[in-house]
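Protein chains: 2
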Amino acid sequence: MIVRRLKDAEKGDRKIVSEGWDSTRLALRNDNMGFSFHITTIYRDAELHLHYQNHLESVYCVSGYGSIEDLATGEVHTIEPGTIYLLDQHDKHILRAEEEMKMACVFNPPLHGKEVHNAEGAYELDAEEVKG
Amino acid sequence: MIVRRLKDAEKGDRKIVSEGWDSTRLALRNDNMGFSFHITTIYRDAELHLHYQNHLESVYCVSGYGSIEDLATGEVHTIEPGTIYLLDQHDKHILRAEEEMKMACVFNPPLHGKEVHNAEGAYELDAEEVKG
C-alpha cells in the first residue's frame, strides 16, 4: 500500500508547472498500477490545444467551470463539477477554463512523471521518471 | 470522446448502492480505456473490510474524513481531502469513514459495472455489464 498527500506532493518533483496549467502526479508508471493519476489545475482563462496521440485519458472535474471543444465534430461540452470526459479516440480538443478548474486525470499508459506537452499538444511516450 | 455527468449517471444503472457505500461508475470496461473510474461515497460511520484480490485500485479523497488500516502492517493512515492510497499489493484493509467521504476510484482491470463485494471483500473478475 502506498499513501500520498497532495499537499506534500505539491512541494516536490511530482508537481509540473506549465503554461496555463499545473499538474501534481500522485501515481506514476513506477507505481505499477497500469495507469497514472494526477490532480491538474487549469488556470482561469486558459485555452489549451491538446491531442494525446499516445495516451488514453479520462478527466473528471472536481471544481470550477469551463468547456471542451471536440475538434472532430465541433461540439462544445460544458464542464462543471461532476463532468467526466473520456478521450477514448485520442480526440483532438480545446480545453477552456472560465473559472480555475481542478481535474482528476487518469492516463493509460501511465506517465513517467516529467512530461509536458509537445508542439502537437501530446505527451511523448518516454520522459524522465519521478521517484519518491 | 465520451462525456458523462455524475448527476445523470446517478439516476441510472451506473449507480450501485450497497452496505455503507454507493458508487457511480462513470467509466467502465466497455469504454475501452483500460481502467474504470468511479465516484464512491462512503457513508458516515461505515467500516468496510476489503481485499481486492483481483484488481489494483487507487482511491483519491475529494471530501470527508476517515482512515485506512493496512492489515499487513497494522498501520492506520488518516484520509482527508487530497489523500490518495494505492492498493498496489492487493492489500487487505479496513476503510473507516468518520465523516461521509467522496472518493475518486480507479480500477485495473476495469469493472464491468454491476460488481459488489463478495464475502472476502473482493470483486469477482466477471460481472454484469452496464451500458449507455
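Residue numbers (this note's numbering), protein chains in the order written: chain A, 1125 to 1256; chain B, 1125 to 1256.
Quick reminder that beta carbons are idealized off the backbone N, C-alpha and C, glycines included.
Just so we're clear, the structure is a prediction, and the values are computed from it rather than from any experiment.
Please list, in chain order, all residues of the same chain as residue i whose beta carbon is under 7 Å from its beta carbon, the five residues on each side excluded.
i	result
A:Tyr1184	Ile1208, Met1227 and Ala1228
B:Asp1169	Ala1221
B:Asn1154	Glu1253 and Lys1255
B:Ser1191	Val1200, His1201, Thr1202, Ile1203 and Arg1220
B:Glu1134	Thr1148
B:Lys1139	Ala1133, Asp1146 and Thr1148
Quick check on residue i - is its C-beta less than 8 Å from some C-beta in chain A?
i	result
B:Gly1158	yes
B:Tyr1247	no
B:Gly1241	As written in the sequence, residue 1241 of chain B is His, which differs from the Gly given in the question. Judged by the 8 Å Cβ criterion, B:His1241 is not in contact with chain A.
State the DSSP-derived secondary structure class of residue i, mapped to helix, strand or coil.
i	result
B:Arg1153	helix
A:Asp1146	strand
A:Leu1130	helix
A:Lys1216	coil
A:Asn1232	strand
A:Met1282	A question about residue 1282 of chain A goes unanswered here, because the residues of chain A that appear run from 1125 up to 1256.
A:Val1186	strand
A:Asp1169	coil
B:Val1240	coil
A:Phe1161	strand
B:Lys1135	coil
A:Thr1207	strand
A:Leu1249	coil
A:Asp1174	The question names Asp, but residue 1174 of chain A in the sequence shown is Leu. Three-state DSSP puts A:Leu1174 in a strand.
B:Glu1199	coil
Chain B partners of residue i, CB-CB under 7 Å?
i	result
A:Gly1206	Arg1129, Leu1130 and Lys1131
A:Gln1213	Met1125
A:Asp1194	Met1125
Skipping 5 residues on each side, what residues in its chain have a beta carbon closer than 6 Å to that of residue i?
i	result
B:Leu1249	Asn1178
B:His1162	Ser1147, Arg1149 and Cys1229
A:Tyr1259	As shown, chain A starts at 1125 and ends at 1256. That puts residue 1259 of chain A outside it, with no answer to give.
I'd like the list of long-range same chain contacts for residue i, defined as Cβ closer than 8 Å, with 5 residues on each side in sequence excluded.
i	result
B:Asn1242	Glu1248
B:Leu1180	Leu1210, Leu1211, Asp1212, His1214, Phe1231 and Asn1232
A:Leu1130	Thr1148, Leu1150 and Ile1163
B:Ile1218	Glu1171, Leu1172, His1173, Leu1174, Ile1192, Glu1193 and Leu1195
B:Ser1182	Ile1208, Tyr1209, Leu1210, Leu1211, Cys1229 and Val1230
Can we count residue i as close to the ligand FAD, meaning its CB is less than 7 Å from some heavy atom?
i	result
A:His1162	Looking at this structure, you won't find the ligand FAD or any other ligand, since it has none at all.
Could you please tell me which residues of the region 1146 to 1171 of chain A, in chain order, have their CB closer than 7 Å to any CB of chain B?
Among the residues of the region 1146 to 1171 of chain A, those with a Cβ less than 7 Å away from any Cβ of chain B are Leu1150, Ala1151, Asp1155, Asn1156, Met1157, Gly1158, Phe1159 and Phe1161, in the order of the chain.
So if I threshold CB-CB distances at 8 Å, which residues from the region 1215 to 1237 of chain A count as touching chain B?
Contact residues of the region 1215 to 1237 of chain A toward chain B are Asp1215, His1217, Ala1228, Val1230 and Asn1232 (C-beta to C-beta distance below 8 Å).
Using Cβ-Cβ distances below 7 Å, what residues of the region 1171 to 1192 of chain B are close to chain A?
Residues Leu1180, Ser1182, Tyr1184 and Val1186.
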